[in-house]
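By our numbering, the letter at position 128 of the sequence shown is numbered 133, and the numbering carries on one by one without gaps.
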Amino acid sequence: MIVWNRLALLGLAGQAAVVSGIVAIVWLLAAPVAYEISGVRGLVTAACGATVCLIGAQLALFITSLFRGSSAAMYALVLAMLARTIIPLLLGVVLHRQVPALAQAGIIFYLLVFYMATLATETVLMLAHVQSSSTS
């Protein structure tokens with residue numbers, strides 16, 4: 006419960022650091038598999054997938070921070086969801102089509118892995134914030 010309360014008190018920079026840390030941990034977990042499958046190219050591809058998803062996640066956090074209060078919650082939800090989804094989708098498709106080495110190393114699979122990690126992390130951060138504001 007103490008961790009949950011601390012998550013709720015994090016500002017934008019703290020939330021961004023948590024998301025970045027989780028992405029780094031997931032990359033470290035994916036790195037041996039990426040290297041085994043595609044060598045150094047796999048490591049670069051995993052890093053590209055992580056970076057693309059992190060950009061979308063950080064933008065979604067920023068958008069969410071702009072909208073405070075229950076009246077703006079729906080706007081924050083929709084705009085953050087668009088940023089979190091469209092950026093990795095568009096950049097992922099562009100990278101897949103324009104950089105054959107990334108496509109061969111499986112950029113789409115890494116995007117899925119890192120997208121799920123950032124989505125889960127942001128959901129936990131948002132739930133902690135919503136729960137603390139409803140009990141206060």
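Idealized CB from N, CA, C, for every residue including glycine.
Looking only at C-alpha atoms, which of the options sits nearest to residue i?
i, options, result
"residue 93", "121, 68, 61", "61"
"residue 114", "14, 15, 8, 43", "43"
"residue 65", "33, 98, 90", "90"
"residue 117", "56, 105, 102", "56"
"residue 84", "103, 104, 98, 63", "63"
"residue 86", "125, 112, 103", "125"
Round the Cβ separation of residue i and residue j to the nearest angstrom and send it over; I've been treating them as touching at under 8 Å.
i, j, result
"residue 35", "residue 51", "5 Å"
"residue 67", "residue 81", "So it is not a contact: roughly 11 Å between Cβ atoms."
"residue 46", "residue 110", "5 Å"
"residue 24", "residue 123", "6 Å"
"residue 48", "residue 39", "5 Å"
"residue 13", "residue 88", "Rounded, the Cβ-Cβ distance is 22 Å, inconsistent with contact."
Do the CB positions of residue i and residue j come within less than 7 Å of each other?
i, j, result
"residue 17", "residue 70", "yes"
"residue 96", "residue 107", "no"
"residue 53", "residue 119", "no"
* What alpha helix (DSSP H) runs, 4 residues minimum, are completely inside the segment 57–116? -> Correct list: 78–103, 105–110.
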